[in-house]
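Asks: I'd like to ask you about the structure that follows.
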């Protein structure tokens with residue numbers, strides 16, 4: 001998800017876009033209930049489903065609460081199927097996301113290389129500051145989830161951002177996390193980190209920048225080869241977006 005403004009005043013408008021793409025770029029997707037598993041906003045301990053109409057762009061458009069705090073927007077897509085155009089594209093994905101074991105397993109299982117099929121779903125969160133943005137992110141029960149352990153809107157000047165990564169509510173240890181940093185001119189830099197023994201990652205942030213944190217689970221599909229079009233793999237994409245005040 002991406003927001004035109006990550007800091008809004010009380011009683012003004014909050015909007016967020018659902019995007020499909022890379023490097024903070026991608027198509028703005030309209031809201032469709034048949035492609036949405038979950039879409040809600042958590043504020044001051046209460047979670048409210050988003051009231052959106054089919055075809056809405058931006059997908060979220062709501063009035064900010066009358067009190068200051070931290071709004072957590074969560075969106076979970078329904079699973080979508082894809083077929084890789086060729087074997088090298090799948091190889092490139094696994095190398096980029098550090099899933100080399102998937103290549104070995106694909107070969108050892110004798111799966112076809114000309115029709116690699118994957119079922120993917122996205123688990124996205126955005127942190128929006130309302131007024132001072134005071135508050136805490138929280139785990140929302142997503143199958144894979146990034147949870148901010150520090151509040152980007154109240155960080156001290158020398159404080160790093162810390163994020164926890166979970167899968168099925170358990171820490172994901174020693175796995176790759178990518179942090180995308182976007183400046184005001186929309187230039188994006190990408191840095192790779194690995195989670196520690198607690199499933200946490202820390203990274204420096206810069207005032208005035210917008211951030212996307214991304215981590216992927218790749219697992220064998222439970223229904224692999226049950227039909228001629230069954231996927232071999234499932235991917236679950238966790239993301240967290242926020243901005244750091246100037």
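Numbering (our numbering), first residue to last: 1 to 246. Cβ coordinates follow ideal geometry from the N, Cα and C atoms, glycine included. Please read all numbers here as calculations on a predicted model, not as lab measurements.
Just to confirm, is the Cβ distance from residue 216 to residue 97 under 8 Å?
Replies: Closer than 8 Å, so yes.
Asks: Figure out for me which residue from 236, 9, 35 and 26 has the closest Cα to the Cα of residue 186.
Replies: Cα-wise, what sits closest to residue 186 is 26.
Asks: When DSSP labels each residue in this structure, what does residue 228 get in the three-state scheme?
Replies: Note: residue 228 maps to coil in three-state DSSP.
Asks: Between which two residues does the alpha helix (DSSP H) holding residue 90 run?
Replies: It spans 87 to 96 - the alpha helix (DSSP H) in which residue 90 sits, taken as one unbroken run.
Asks: Take residue 222 as the anchor and find which of 234, 6, 138 and 79 has the nearest alpha-carbon.
Replies: Measuring from the Cα of residue 222, the nearest candidate turns out to be 234.
Asks: So does the segment 126 to 137 actually touch the segment 151 to 158, counting three or more Cβ pairs closer than 8 Å?
Replies: Short answer: they touch.
Asks: Less than 8 Å between the beta carbons of residue 29 and residue 144, yes or no?
Replies: No, the Cβ-Cβ distance between residue 29 and residue 144 is not below 8 Å.
Asks: Buried or exposed: residue 109, going by 16 or more other Cβ atoms within 10 Å of its Cβ?
Replies: It is exposed - the Cβ of residue 109 has fewer than 16 other Cβ atoms within 10 Å.
Asks: Three-state secondary structure (DSSP) at residue 121?
Replies: If DSSP states are grouped into helix, strand and coil, residue 121 belongs with the strands.
Asks: Would you decide whether residue 18 is buried or exposed? Buried here means 16 or more other CB atoms lie within 10 Å of its CB.
Replies: The residue in question, residue 18, is buried, as its Cβ has 16 or more Cβ neighbours within 10 Å.
Asks: Taking 8 Å as the cut-off, decide whether the C-beta atoms of residue 240 and residue 155 are in contact.
Replies: No. Outside cutoff.
Asks: Classify residue 1: buried if its beta carbon has 16 or more other beta carbons within 10 angstroms, exposed otherwise.
Replies: Residue 1 is buried by the Cβ-count criterion.
Asks: So for residue 51, helix, strand or coil by DSSP?
Replies: In this structure, residue 51 counts as coil in the three-state DSSP scheme.
Asks: Quick check: what's the CA-CA separation for residue 128 versus residue 114?
Replies: Rounded to whole angstroms, residue 128 to residue 114 spans 43 Å at the Cα level.
Asks: Compare the Cα-Cα distances from residue 48 to each of 55, 118, 203 and 60 and report the closest residue.
Replies: Out of 55, 118, 203 and 60, 60 has the C-alpha closest to the C-alpha of residue 48.
Asks: I'd like to know whether the C-beta atoms of residue 245 and residue 7 end up nearer to each other than 8 Å.
Replies: Against a cut-off of 8 Å, the Cβ pair of residue 7 and residue 245 comes out as a contact.
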